[in-house]
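Residue numbers are given in the UniProt record's numbering: position 213 of the sequence shown equals residue 213, and the series is strictly consecutive.
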Amino acid sequence: MQLHLSPEDQAFRDEMRTFFTTQISQSIRDDVAAHREVTKESYVEAQRILNAAGLAVPHWPAEWGGRDWTPLQRHIWREEMQLAAVPEPLAFNASMIGPVIAAFGNQEQKERFLPATANLDIWWCQGFSEPDAGSDLASLRTAAVRDGEDWVVNGQKTWTTLGQYADWIFCLVRTDPTAEKKQRGISLLVFPMDTPGVTLRPIELLDGGFEVNEVFFEDVRVPAENLIGEENRGWDYAKFLLGNERVGIARVGATKRMIADAKEHAAQISSGGRPLIEDPSMRTRITELENELLALELTALRVVSNSSDGKPNPASSVLKLRGSELQQAATELLVDIAGPLSLASFADDDATDVPEWARSTTPEYLNYRKVSIYGGSNEVQRTIIAGTILGL
Numbered sequence: 001m002q003l004h005l006s007p008e009d010q011a012f013r014d015e016m017r018t019f020f021t022t023q024i025s026q027s028i029r030d031d032v033a034a035h036r037e038v039t040k041e042s043y044v045e046a047q048r049i050l051n052a053a054g055l056a057v058p059h060w061p062a063e064w065g066g067r068d069w070t071p072l073q074r075h076i077w078r079e080e081m082q083l084a085a086v087p088e089p090l091a092f093n094a095s096m097i098g099p100v101i102a103a104f105g106n107q108e109q110k111e112r113f114l115p116a117t118a119n120l121d122i123w124w125c126q127g128f129s130e131p132d133a134g135s136d137l138a139s140l141r142t143a144a145v146r147d148g149e150d151w152v153v154n155g156q157k158t159w160t161t162l163g164q165y166a167d168w169i170f171c172l173v174r175t176d177p178t179a180e181k182k183q184r185g186i187s188l189l190v191f192p193m194d195t196p197g198v199t200l201r202p203i204e205l206l207d208g209g210f211e212v213n214e215v216f217f218e219d220v221r222v223p224a225e226n227l228i229g230e231e232n233r234g235w236d237y238a239k240f241l242l243g244n245e246r247v248g249i250a251r252v253g254a255t256k257r258m259i260a261d262a263k264e265h266a267a268q269i270s271s272g273g274r275p276l277i278e279d280p281s282m283r284t285r286i287t288e289l290e291n292e293l294l295a296l297e298l299t300a301l302r303v304v305s306n307s308s309d310g311k312p313n314p315a316s317s318v319l320k321l322r323g324s325e326l327q328q329a330a331t332e333l334l335v336d337i338a339g340p341l342s343l344a345s346f347a348d349d350d351a352t353d354v355p356e357w358a359r360s361t362t363p364e365y366l367n368y369r370k371v372s373i374y375g376g377s378n379e380v381q382r383t384i385i386a387g388t389i390l391g392l
């Protein structure tokens, strides 16, 4: 079963597919497809090519690089990019702080930050989670105290993804510790990562990579003009930001690519004297995963079409929840297809004859444990779904 597109939308899909497969370097796309580490330089190169063609931030207001696309066209744009193994526009820039500044920043902030954010001239990182404030984000303790024309920030953030590459951080801070509700005393500040008093420390992950970091703030002075929106309204902006993040977090195209890879590899692996793809249980498993992914894709289209006013849809929590489950299911499928070959995960190229795809399956499986945690854990998403959608 496939989505039926109008001739106009099919032409749009063809246009996107042609651009992504011809304009973005093959070597960059090969790195993404093979699950290799993508360098900062490759991310920047890809996003600048997209931005020059008006394809980096199509969901932004038109005056800042957005496109007057239908919800279906935005879906096609993202899916074709993922299918082509193109590095997506950096989420911290394109899906998080960019839309927040466009919606709540003042004109000076928009002019200062939005063009550079779209072009990845500024690489942003996210300062939300803390050691005692992850899914319960409103319990954050990083404090900002006003001192003349500055805010003075003290505290700690954790799980700061790709913070080692970042030029600036957008940071939730507590500006009113006496507020009756903890959500009402939070503000959103932005400041350079090389500001005196900012220290970054890498965290080694389960797969052996260093994708995330701790960030410490000691008497960091932030100009008052770097407050985004109103003081003590940061929680509202955080909800807006996370809602936008979850709309794209389903990653339907990326999961489709993993399933296609799984089929290809299963056809090459022998089991019981025949290709593994011919095993009835394997065929059933792949088919069930494809059907679940189609259902998610249709749900994603409904969510996007009902968010045409630019406000995040609570149903984006469904996309985050189910999308993360299917991504993890796809990585598990690939590990099972690789079988014992997956045990050679961390071997060097010259130390093994195990194919690169098989060696990448276990690290990828381990790394993808994160997708049911970031963007609001799946347990939190179930609570949101129960309260805002089901009315329980």
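Beta carbons: idealized from backbone N, C-alpha and C, even for Gly. Only a predicted model underlies this, so the values are computations on that prediction, with no experimental measurement involved.
List the endpoints of the continuous alpha helix (DSSP H) containing residue 150. Indexing the sequence shown from 1 puts residue 150 at position 150. Premise fails: residue 150 lies in the beta strand (DSSP E), 150 to 157, not in any alpha helix (DSSP H).
Curious, which full-length alpha helix (DSSP H) runs of at least 4 residues does the stretch 57 to 110 contain? Taken in chain order, the unbroken stretches of alpha helix (DSSP H) that lie wholly in the stretch 57 to 110 and span 4 residues or more are 71 to 83 and 98 to 104.
Below 8 Å on the Cβ atoms is my guess for residue 85 versus residue 29; work out the distance and round it to an integer in Å. Reading the sequence shown from its first residue, position 85 is the one you call residue 85. Reading the sequence shown from its first residue, position 29 is the one you call residue 29. About 4 Å separates the two Cβ atoms, so the contact holds.
Quick one: Cα of residue 179 to Cα of residue 185, how far? In the sequence shown, counting from the first residue as 1, residue 179 sits at position 179. In the sequence shown, counting from the first residue as 1, residue 185 sits at position 185. Those two C-alpha atoms are separated by around 5 Å.
Could you check what DSSP says for residue 38 in three-state terms: helix, strand or coil? The sequence position of residue 38 within the sequence shown is 38, counting from 1. The answer is coil: DSSP assigns residue 38 none of H, G, I, E or B.
Residue 177 in three-state terms, based on DSSP: Within the sequence shown, residue 177 is the residue found at index 177, counting from 1. Reduced to three states, the DSSP call for residue 177 is coil.
Within 10 Å of its beta-carbon, does residue 106 have 16 or more other beta-carbons around it, so buried, or fewer, so exposed? Mapped onto the sequence shown, residue 106 falls at position 106. Here residue 106 is exposed. Its C-beta has fewer than 16 other C-beta atoms within 10 Å.
Extent of the continuous alpha helix (DSSP H) run through residue 351: As a first step, residue 351 must be located in the sequence shown, where it is residue number 351. For residue 351, there is no enclosing alpha helix (DSSP H), as DSSP gives it neither H nor E.
Test item: CB-CB of residue 155 and residue 141 under 8 Å: Reading the sequence shown from its first residue, position 155 is the one you call residue 155. Reading the sequence shown from its first residue, position 141 is the one you call residue 141. Yes; because the gap between Cβ atoms is below 8 Å, this pair is in contact.
Would you call the CB atoms of residue 377 and residue 135 closer than 8 Å? Counting from 1 along the sequence shown, the entry for residue 377 is found at position 377. Counting from 1 along the sequence shown, the entry for residue 135 is found at position 135. Between residue 377 and residue 135, the gap from beta carbon to beta carbon is short of 8 Å.
Figure out for me which residue from 80, 79 and 53 has the closest Cα to the Cα of residue 67. Start at 1 with the first residue of the sequence shown, and residue 67 comes out as number 67. Comparing Cα positions, the closest option is 53.
Keeping to the same chain, check which residues put their C-beta closer than 8 Å to that of residue 25; ignore five residues upstream and five downstream. Taking the sequence shown and counting its residues from 1, one reaches residue 25 at position 25. The beta carbon of residue 25 sits closer than 8 Å to those of 42, 45 and 46, all from its chain and outside the five residues before and after it, given in chain order.
Going along the chain, which residues of its own chain have a beta-carbon closer than 7 Å to the beta-carbon of residue 362, five neighbours each way excluded? Here residue 362 refers to the residue found at position 362 of the sequence shown. The answer, listed in chain order, is 335, 342 and 345.
The alpha helix (DSSP H) with residue 393 in it runs from where to where? Residue 393 cannot be examined here, being either before or after the span of the chain that is shown, 1 to 392.
Go to residue 253, then tell me how far its beta strand (DSSP E) extends in each direction, as first and last residue. Taking the first residue of the sequence shown as 1, we reach residue 253 at position 253. For residue 253, there is no enclosing beta strand (DSSP E); the enclosing alpha helix (DSSP H) covers residues 252 to 268.
Assess contact between the stretch 264 to 279 and the stretch 209 to 225, defined as three or more Cβ pairs (one per stretch) separated by less than 8 Å. Is contact present? Cβ pair count under 8 Å is below three, so no.
Taking residue 182 as the reference, give the member of 33, 11, 172 and 332 with the closest Cα. Here residue 182 is taken as the residue at index 182 of the sequence shown, counted from 1. Scanning 33, 11, 172 and 332 for the CA closest to the CA of residue 182 turns up 172.
Would you call the stretch 324 to 340 in contact with the stretch 83 to 103, where contact means no fewer than 3 C-beta pairs closer than 8 Å? As far as the Cβ criterion goes, the stretch 324 to 340 does not touch the stretch 83 to 103, which means the pair count is below three.
Buried or exposed for residue 261, going by 16 or more other Cβ atoms inside 10 Å? Here residue 261 corresponds to residue number 261 of the sequence shown, with the count starting at 1. In summary, residue 261 is buried, with 16 or more beta-carbon neighbours lying within 10 Å of its beta-carbon over all protein chains present.
What residue range is occupied by the uninterrupted alpha helix (DSSP H) comprising residue 204? On the sequence shown, position 204 is the one that residue 204 refers to. No alpha helix (DSSP H) holds residue 204; DSSP gives it neither H nor E.
Going by other Cβ atoms of all chains shown within 10 Å of its Cβ, with 16 needed for buried, is residue 8 buried or exposed? Position 8 of the sequence shown, counted from the first residue, corresponds to residue 8. Exposed, since its Cβ has fewer than 16 Cβ neighbours within 10 Å.
Roughly how many angstroms lie between the CA atoms of residue 31 and residue 20, to the nearest whole one? For the purposes of this step, residue 31 is taken as residue 31 along the sequence shown, with counting starting at 1. For the purposes of this step, residue 20 is taken as residue 20 along the sequence shown, with counting starting at 1. Residue 31 and residue 20: Cα-Cα distance of roughly 15 Å.
Please confirm whether residue 299 and residue 321 have their CB atoms less than 8 Å apart. Along the sequence shown, read from residue 1 onward, the residue named residue 299 stands at position 299. Along the sequence shown, read from residue 1 onward, the residue named residue 321 stands at position 321. Contact: no.
Taking Cβ positions, are residue 367 and residue 229 nearer each other than 8 Å? Translated into the one-based positions of the sequence shown, residue 367 becomes position 367. Translated into the one-based positions of the sequence shown, residue 229 becomes position 229. Taking 8 Å as the Cβ cut-off, residue 367 and residue 229 do not qualify as a contacting pair.
Assign residue 167 to one of three DSSP states: helix, strand, or coil. In the sequence shown, the residue the question calls residue 167 occupies position 167. In this structure, residue 167 counts as coil in the three-state DSSP scheme.
Taking DSSP as the reference, what is the three-state secondary structure of residue 162? Taking the sequence shown and counting its residues from 1, the one referred to as residue 162 is at position 162. Judged by DSSP in its simplified three-state form, residue 162 adopts coil rather than helix or strand.
I'd like to know whether the C-beta of residue 232 is nearer than 8 Å to at least one C-beta of chain D. Chain labels in this structure do not include chain D; a single protein chain is all it has.
Among 281, 61 and 169, the one whose alpha carbon lies nearest that of residue 195: Taking the first residue of the sequence shown as 1, we reach residue 195 at position 195. Of the listed residues, the one whose Cα sits closest to residue 195 is 169.
So what does residue 127 bridge to, in DSSP terms? Numbered from its first residue, the sequence shown carries residue 127 at position 127. Beta-bridge annotation (DSSP): residue 127 is paired with 171.
Please classify residue 201 as buried or exposed, where buried requires at least 16 other C-beta atoms within 10 Å of its C-beta. Sequence index remark: in the sequence shown, residue 201 carries index 201 (1-based). Residue 201 should be labelled exposed.
Excluding the 5 residues preceding and the 5 following residue 92 in the sequence, name in chain order all residues of the same chain whose CB lies nearer than 7 Å to its CB. Sequence index remark: in the sequence shown, residue 92 carries index 92 (1-based). Cβ within range, chain order: 124, 125 and 126.
When you compare each of 238, 5 and 278 to residue 138 by their alpha carbons, which one comes out closest? The residue labelled residue 138 in the question sits at position 138 within the sequence shown. Comparing alpha-carbon positions, the option among 238, 5 and 278 lying closest to residue 138 turns out to be 238.
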